[in-house]
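There are 2 protein chains.
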Amino acid sequence: MVPAPLRDLADRPDRCCLNTATLGHREPIAVTAQRVAAAGFGWITPWRREIDERQPAREAAAIRAAGLRVRSYCRTAYLAHASEAARRQAVDDNRRALDTAAALGARELIAVVGGLADGSRDIDGSRAQILRGLEALMPAIESTGVAIALEPLHPFYTADRSLLNTIAQAQAWCETLDPEGRYFGIAVDAYHVWWDPLLAPSIAGAGPRFRALHVSDWLRHTQEPLLDRGMMGDGVVDLRRLRAMVEATGFDGPVEVEIFSRDRWWKEDPDVVLRTCRERLDTVC
Amino acid sequence: MVPAPLRDLADRPDRCCLNTATLGHREPIAVTAQRVAAAGFGWITPWRREIDERQPAREAAAIRAAGLRVRSYCRTAYLAHASEAARRQAVDDNRRALDTAAALGARELIAVVGGLADGSRDIDGSRAQILRGLEALMPAIESTGVAIALEPLHPFYTADRSLLNTIAQAQAWCETLDPEGRYFGIAVDAYHVWWDPLLAPSIAGAGPRFRALHVSDWLRHTQEPLLDRGMMGDGVVDLRRLRAMVEATGFDGPVEVEIFSRDRWWKEDPDVVLRTCRERLDTVC
Numbered sequence: 000m001v002p003a004p005l006r007d008l009a010d011r012p013d014r015c016c017l018n019t020a021t022l023g024h025r026e027p028i029a030v031t032a033q034r035v036a037a038a039g040f041g042w043i044t045p046w047r048r049e050i051d052e053r054q055p056a057r058e059a060a061a062i063r064a065a066g067l068r069v070r071s072y073c074r075t076a077y078l079a080h081a082s083e084a085a086r087r088q089a090v091d092d093n094r095r096a097l098d099t100a101a102a103l104g105a106r107e108l109i110a111v112v113g114g115l116a117d118g119s120r121d122i123d124g125s126r127a128q129i130l131r132g133l134e135a136l137m138p139a140i141e142s143t144g145v146a147i148a149l150e151p152l153h154p155f156y157t158a159d160r161s162l163l164n165t166i167a168q169a170q171a172w173c174e175t176l177d178p179e180g181r182y183f184g185i186a187v188d189a190y191h192v193w194w195d196p197l198l199a200p201s202i203a204g205a206g207p208r209f210r211a212l213h214v215s216d217w218l219r220h221t222q223e224p225l226l227d228r229g230m231m232g233d234g235v236v237d238l239r240r241l242r243a244m245v246e247a248t249g250f251d252g253p254v255e256v257e258i259f260s261r262d263r264w265w266k267e268d269p270d271v272v273l274r275t276c277r278e279r280l281d282t283v284c
Numbered sequence: 000m001v002p003a004p005l006r007d008l009a010d011r012p013d014r015c016c017l018n019t020a021t022l023g024h025r026e027p028i029a030v031t032a033q034r035v036a037a038a039g040f041g042w043i044t045p046w047r048r049e050i051d052e053r054q055p056a057r058e059a060a061a062i063r064a065a066g067l068r069v070r071s072y073c074r075t076a077y078l079a080h081a082s083e084a085a086r087r088q089a090v091d092d093n094r095r096a097l098d099t100a101a102a103l104g105a106r107e108l109i110a111v112v113g114g115l116a117d118g119s120r121d122i123d124g125s126r127a128q129i130l131r132g133l134e135a136l137m138p139a140i141e142s143t144g145v146a147i148a149l150e151p152l153h154p155f156y157t158a159d160r161s162l163l164n165t166i167a168q169a170q171a172w173c174e175t176l177d178p179e180g181r182y183f184g185i186a187v188d189a190y191h192v193w194w195d196p197l198l199a200p201s202i203a204g205a206g207p208r209f210r211a212l213h214v215s216d217w218l219r220h221t222q223e224p225l226l227d228r229g230m231m232g233d234g235v236v237d238l239r240r241l242r243a244m245v246e247a248t249g250f251d252g253p254v255e256v257e258i259f260s261r262d263r264w265w266k267e268d269p270d271v272v273l274r275t276c277r278e279r280l281d282t283v284c
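Chains A and B, in that order, give the protein sequences.
Counting along the first sequence from 1, when you hit position 163 you're at 162 in numbering that gives the first Met the number 0, and nothing is skipped either side.
Counting along the second sequence from 1, when you hit position 59 you're at 58 in numbering that gives the first Met the number 0, and nothing is skipped either side.
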């Protein structure tokens with residue numbers, strides 16, 4: 000099943016990242032960072048809602064003091080809108096996110112690009128708006144040194160969250176926007192892409208574009224595709240196979256746990272969640 | 000927006016089909032058939048649960064008496080299973096469905112191929128089981144004269160209902176199983192495929208394989224992807240664009256309404272549902 004030897008994650012905090020969505024944003028980032036470091040992670044990916052963007056240096060210091068590095072920053076505002084003013088506002092907001100990401104020392108801003116513009120059925124037109132919005136961020140990417148990682152979302156979210164839904168599509172957008180690979184890369188999330196019949200060739204074809212690898216699991220009989228993700232090993236995704244494919248392209252970033260789980264893991268003691276995540280990284284990822 | 004002139008559906012019952020799932024299977028097929036014909040549909044696609052497979056000739060006569068023709072028959076049993084016995088049982092069951100479809104005068108049996116075998120994470124292995132199960136049906140397709148229309152389902156269903164999720168994948172399976180196009184075709188359902196970034200080239204590439212075109216709508220903020228489909232025009236899908244693409248390949252079958260809507264349309268008076276469907280076929284499809 001596994002096409003190539005996988006990097007060992009055991010006792011390697013430098014290869015393990017925790018996306019704070021996994022803990023449900025219940026505590027201040029300084030507390031979260033301490034817990035995450037204690038559980039054996041070397042990296043953290045925070046969300047905008049838990050960072051005070053007026054004083055990012057203070058937040059960055061708290062994360063550093065816990066012994067962690069910031070990997071990515073979550074996430075962009077949606078880019079397709081009915082009015083030009085709303086589109087411009089989204090671009091401005093994303094510029095601020097890039098500034099904060101830079102202050103935190105993040106390598107990339109994760110892009111969730113948004114769905115159809117309000118009231119629109121024009122899927123091609125909304126995709127074109129998104130591409131223009133991403134293009135408008137290139138000077139800010141250049142000046143901050145923070146790249147954007149385009150994250151394809153599961154097609155369940157096409158209407159309202161993301162018109163970017165496969166790795167091959169993300170790769171095509173990267174090539175259109177940035178043929179030299181300086182500004183845009185791809186974030187692969189197992190939950191979003193595991194079903195794709197073109198998964199293996201798409202990953203092989205995206206080569207050095209991968210900037211993030213997110214893991215969680217798809218529960219076999221999930222009814223709720225937003226906040227009902229499974230812990231790695233509790234669902235149907237062959238995570239080792241996915242990681243092997245991504246690592247075979249040369250990806251050497253950390254494996255990042257991101258679990259949205261309102262009714263199960265967000266109700267659990269944060270240290271239990273983190274310990275379970277860390278163990279499952281070793282045993283099933 | 001519309002690349003080619005569309006066939007006119009107004010006053011053309013011969014171009015309009017009603018899939019009985021739209022009415023929630025609340026009444027006997029004979030009653031349903033009368034309502035469907037009265038609403039201006041010339042075709043009906045029934046489900047196995049409402050057909051007495053011990054006396055299909057009687058059911059066929061009731062449908063004919065209402066003035067309708069049977070278009071397709073829904074649907075196959077899932078084909079990937081942990082045991083060889085269960086896989087054989089599924090094939091036998093699908094053979095019986097083909098027999099009934101023939102007795103009803105249906106042109107094709109709709110295939111919902113099934114998800115991962117119980118307890119399995121082996122997506123390629125389960126897909127291979129499904130292909131073997133479909134292949135095993137070829138003698139029965141030959142003897143009954145009823146084709147199988149492979150229906151790609153939305154990737155929300157990959158784990159538990161269908162490992163076939165895009166038109167391009169369905170086309171590849173058709174070519175593998177049946178290069179001459181005698182046994183296997185494709186059923187396109189707007190709800191399942193509208194999100195696909197490769198929709199236009201996939202449809203163009205599938206050419207004469209299309210045997211059914213199902214319409215409903217994707218509600219922008221749907222939370223429940225099984226039984227919360229929208230009436231055509233109430234959601235985000237550009238149905239005219241989809242129909243134009245499918246008709247441009249030469250498809251000349253009826254446009255078939257299939258709406259699973261537990262909390263809205265299944266609670267509505269069946270004649271109101273049918274009248275609304277028939278109107279929306281003319282105004283938005």
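For every residue, glycine included, the Cβ atom is placed at its ideal position computed from N, Cα and C.
None of the values given here were measured: they were computed from a predicted structure.
Checking the DSSP bridge columns, you'll see residue 68 of chain B partnered with B:42. Residue 223 of chain B belongs to the set of residues whose beta carbon lies under 8 Å from a beta carbon in chain A. Interface flag for residue 226 of chain A against chain B is unset, since no Cβ pair is found closer than 8 Å. At a C-beta separation below 9 Å, residue 168 of chain B has these neighbours in chain A: 196 and 197. A distance below 6 Å between beta-carbons, with the five flanking residues on each side excluded, links residue 68 of chain A to the following residues of its chain, in chain order: 42.
DSSP, read as helix, strand or coil, puts residue 259 of chain A in coil. A distance below 8 Å separates the beta carbons of residue 242 of chain A and residue 212 of chain A. DSSP lists A:148 as the bridge partner or partners of residue 184 of chain A.
At a beta-carbon threshold of 7 Å, the residues of chain A lying near residue 159 of chain B are 219 and 220, ordered along the chain. For the options A:98, A:76 and A:60, the alpha carbon positioned closest to that of residue 90 of chain A is the one of A:76. Residue pairing by DSSP leaves residue 252 of chain B without any beta bridge partner.
Using beta-carbon distances, residue 154 of chain B counts as an interface residue toward chain A, with a partner under 8 Å. In chain order, 235, 236 and 237 make up the part of chain B whose C-beta sits under 7 Å from the C-beta of residue 120 of chain A.
The three-state secondary structure of residue 211 of chain B, taken from DSSP, is strand. Taking a Cβ-Cβ cut-off of 9 Å, residue 175 of chain B has no neighbours in chain A, whose nearest Cβ is about 13 Å from it. Per DSSP, residue 164 of chain B lies in no alpha helix (DSSP H) segment and is marked neither H nor E. For residue 237 of chain B, no pairing in a beta bridge is given by DSSP.
Cβ neighbours of residue 229 of chain B within its own chain (closer than 6 Å, five residues either side excluded): 216 and 218. Cβ proximity to chain A below 8 Å picks out nothing from the segment 266–284 of chain B. Taking the Cα positions, residue 265 of chain A is about 15 Å away from residue 224 of chain A. DSSP places residue 109 of chain A in the uninterrupted beta strand (DSSP E) bounded by 107–110. If you check the CB distance, residue 161 of chain A and residue 111 of chain A come in under 8 Å. Under DSSP, residue 113 of chain B takes part in a beta bridge, and its partners are B:161. Assignment of residue 173 of chain A by DSSP, reduced to helix, strand and coil, places it in the helix class. Excluding the 5 residues flanking it on each side, residue 170 of chain B has same chain C-beta neighbours closer than 8 Å at 185, 201, 204, 205 and 208, in chain order. Taking a contact to require three or more Cβ pairs closer than 8 Å, the segment 189–196 of chain B and the segment 249–263 of chain A do not qualify as touching. Using a Cβ-Cβ cut-off of 8 Å, residue 18 of chain A does not count as an interface residue toward chain B, since no Cβ of chain B sits closer than that to its own.
By the CB criterion at 8 Å, residue 122 of chain B and residue 133 of chain B fall outside the cutoff. A straight-line Cα-Cα distance of about 36 Å links residue 198 of chain A and residue 144 of chain B.
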